[in-house]
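Input: a single structure, listed below in structure tokens.
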Amino acid sequence: METNELQNIWKNIDSEISLKTTAELNQLLTIKTRKTINKFLFIFSIDVIVCVGLIVFLILTALNRQSDIIYLINNSILCLITLTSLIISLLSINKLQNNKYNLSLKDWLEQRIKLLSRWLLGKYSKFYIVLIPLLLVMINLSIHVYFEYGPFLEVMKNGESIYGLAIGFLIGLFVSYFAISKIRKYQIRNLEFLKGLYNHLDNMH
Amino acid sequence: MRNKLDMKSLKEEFLEILSNYQGILHKVNIIYFRNASDREDNFQEIIYQLWKSFPGLQNKNSIGSWIYAVSINTSISKIKKESRIEYREKLPESIDKIDIIEELSLNEASQILLKAIYNLNEIDKPIMLLYLEEKSYEEIAEIIGISKSNVGVRINRAKELLKQNLNHLNHGN
Chain A
29 METNELQNIW KNIDSEISLK TTAELNQLLT IKTRKTINKF LFIFSIDVIV CVGLIVFLIL
89 TALNRQSDII YLINNSILCL ITLTSLIISL LSINKLQNNK YNLSLKDWLE QRIKLLSRWL
149 LGKYSKFYIV LIPLLLVMIN LSIHVYFEYG PFLEVMKNGE SIYGLAIGFL IGLFVSYFAI
209 SKIRKYQIRN LEFLKGLYNH LDNMH
Chain B
364 MRNKLDMKSL KEEFLEILSN YQGILHKVNI IYFRNASDRE DNFQEIIYQL WKSFPGLQNK
424 NSIGSWIYAV SINTSISKIK KESRIEYREK LPESIDKIDI IEELSLNEAS QILLKAIYNL
484 NEIDKPIMLL YLEEKSYEEI AEIIGISKSN VGVRINRAKE LLKQNLNHLN HGN
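Encoded structure:
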């Protein structure tokens with residue numbers, strides 16, 4: 029088929045498209061905006077509730093155990109890590125919301141690849157491997173020691189306590205690593221897809 | 364901070380532009396999504412992304428290019444998320460086994476052309492769309508982000524692949 033013929037066939041497809049009224053477009057925009065805001069608020073609320081809830085628990089339990097120095101140190105470090113995580117996660121959510129689509133295809137691909145690469149392959153991308161076990165141990169200790177109603181060192185001398193903590197830690201570790209590896213695999217697949225498109229575009233030079 | 368009145372007039376201006384240019388959204392949607400519900404979802408997403416970037420739109424003379432760029436980028440982002448279509452360099456062996464296009468009542472030639480476009484890769488699809496829409500090399504370069512001299516090369520390659528697909532489909536029928 030010749031070019032003009034193709035363009036004429038395309039015009040035929042164009043003419044078959046049924047257009048929406050301004051009212052329908054307005055309705056679609058309103059629905060989508062509401063959905064996006066609700067989704068954002070849901071993620072934001074879960075993030076804040078979990079982190080702030082944990083911080084409140086850590087502060088209250090620490091106030092009840094003011095004489096147990098090791099317990100206080102454990103809770104203080106945990107509190108600091110949770111607060112930092114909360115700030116980083118809120119900044120990340122904000123960054124995700126500001127994803128710019130009004131760029132040329134090549135610039136948009138470049139921007140997405142840079143962002144995903146930094147998250148998935150950057151300097152701190154594997155930090156979670158160390159952070160998760162550390163957090164799990166500290167959270168388990170904080171909860172367990174508090175509800176054993178004894179000083180930190182005394183509770184740690186109890187064989188049953190160590191056994192229970194170890195099992196809790198292993199289950200938590202498995203669930204956390206499994207969830208994170210699923211998310212990372214999905215994002216890495218996305219990154220590879222975008223890189224493939226970008227290389228295809230770039231190979232033409 | 365915009366006040367309510369500004370926001371209302373901004374939205375009215377946006378909806379007027381959208382109403383005039385919505386054909387672009389439909390056409391980008393058609394070349395990327397075979398399924399009506401995917402197209403509807405993506406259509407909504409494009410409208411939202413256009414609305415988000417509308418206040419920052421500097422050059423109101425190139426509204427068409429802006430709408431094409433946002434529509435193409437949003438659609439590719441959606442494909443990636445849904446993981447329904449994979450990036451491919453080579454043509455699949457059986458390109459005629461494609462879902463029937465829903466909703467649109469097209470003649471045979473139009474259906475064959477659409478099927479042939481579906482089988483282009485995700486970069487050649489928008490290039491071929493812009494070419495069929497008779498956009499200038501300058502506009503295509505601006506939307507895709509490549510130099511004007513490369514636009515010709517890309518179009519020729521996409522045309523060649525499209526012809527191969529068309530031959531295959533016509534041969535099969």
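As given, the protein sequences belong to chains A and B, one line each in that order. Be aware that the first sequence starts at 29, since it is given in our numbering, and climbs by one per residue. Be aware that the second sequence starts at 364, since it is given in our numbering, and climbs by one per residue. Glycine included, every Cβ here is placed at the ideal spot set by N, Cα and C. From a predicted model like this one, the values you see are computed outputs, not experimental measurements.
- The continuous alpha helix (DSSP H) containing B/Gln412 extends over residues 399 to 416.
- Residue state for A/Arg93 is assigned as coil, using DSSP reduced to three classes.
- Taking the Cβ atoms as the reference, B/Gly508 lies roughly 5 Å from A/Asp135, within the contact range of under 8 Å.
- Taking the C-beta atoms as reference points, B/Asn405 is found nearer than 8 Å to B/Thr437.
- Sorting B/Phe417, B/His531, B/Ser400, B/His389 by C-alpha distance to the C-alpha of B/Leu476 places B/His531 at the top.
- Contact between the segment 159 to 172 of chain A and the segment 106 to 116 of chain A is present: 3 or more CB-CB pairs across the two stretches fall below 8 Å.
- Any Cβ of chain B closer than 8 Å to the Cβ of A/Lys128 would place that residue at the interface, and such an atom is present.
- Between A/Ile71 and A/Leu148, the C-beta gap is not smaller than 8 Å, which leaves the two residues out of contact.
- With fewer than 16 other CB atoms across the displayed protein chains lying within 10 angstroms of its CB, A/Tyr191 is exposed.
- Sorting B/Gly515, B/Phe417, B/Ser400 by C-alpha distance to the C-alpha of B/Trp429 places B/Phe417 at the top.
- For B/Lys498, no alpha helix (DSSP H) run applies, since DSSP gives it neither H nor E.
- Counting C-beta pairs closer than 8 Å gives three or more between the segment 130 to 145 of chain A and the segment 221 to 231 of chain A, which meets the contact rule.
- Contact annotation: the segment 37 to 54 of chain A touches the segment 374 to 394 of chain B, with at least three C-beta pairs closer than 8 Å.
- For the pair of segments examined, the segment 69 to 86 of chain A was found not to touch the segment 39 to 46 of chain A: the number of CB pairs separated by less than 8 Å stays below three.
- The continuous alpha helix (DSSP H) containing A/Leu143 extends over residues 133 to 149.
- For A/Tyr177, there is no enclosing alpha helix (DSSP H), as DSSP marks it with neither H nor E.
- Residue-level contact check: B/Ser372 does not touch chain A, since none of the beta carbons of chain A fall below 8 Å from its beta carbon.
- Within the segment 471 to 495 of chain B, Ala472, Ser473, Leu476, Leu477, Asn484, Glu485, Ile486, Pro489, Leu495 place their CB atoms closer than 8 Å to a CB of chain A, listed in sequence order.
- Excluding sequence positions up to five before and after B/Arg402, its CB lies within less than 6 Å of the CB of Asn392, Phe396, all in the same chain and listed in chain order.
- The DSSP-derived three-state label of B/Glu485 is coil.
- Within the segment 421 to 435 of chain B, the residues whose Cβ lies closer than 7 Å to some Cβ of chain A are Trp429, Ala432, Val433, Ile435, listed in chain order.
- Contact annotation for A/Lys67 against chain B: no contact, minimum CB-CB distance about 12 Å [criterion: below 7 Å].
- When DSSP states are grouped into helix, strand and coil, A/Thr61 belongs to the helix group.
- Contact with chain A is absent for B/Gln527, since none of that chain's Cβ atoms lies less than 8 Å from the residue's Cβ.
- Under the Cβ distance rule, B/Lys390 counts among the residues neighbouring chain A, one pair being separated by less than 8 Å.
- For B/Ser510, the three-state secondary structure derived from DSSP is coil.
- Under the three-pair Cβ rule at 8 Å, the segment 115 to 132 of chain A does not count as touching the segment 195 to 210 of chain A.
- When secondary structure is reduced to three states using DSSP, A/Thr49 falls in the coil class, being assigned neither helix nor strand.
- Boundaries of the alpha helix (DSSP H) around A/Phe221: 187 to 230.
- A/Lys134 belongs to the set of residues whose beta carbon lies under 8 Å from a beta carbon in chain B.
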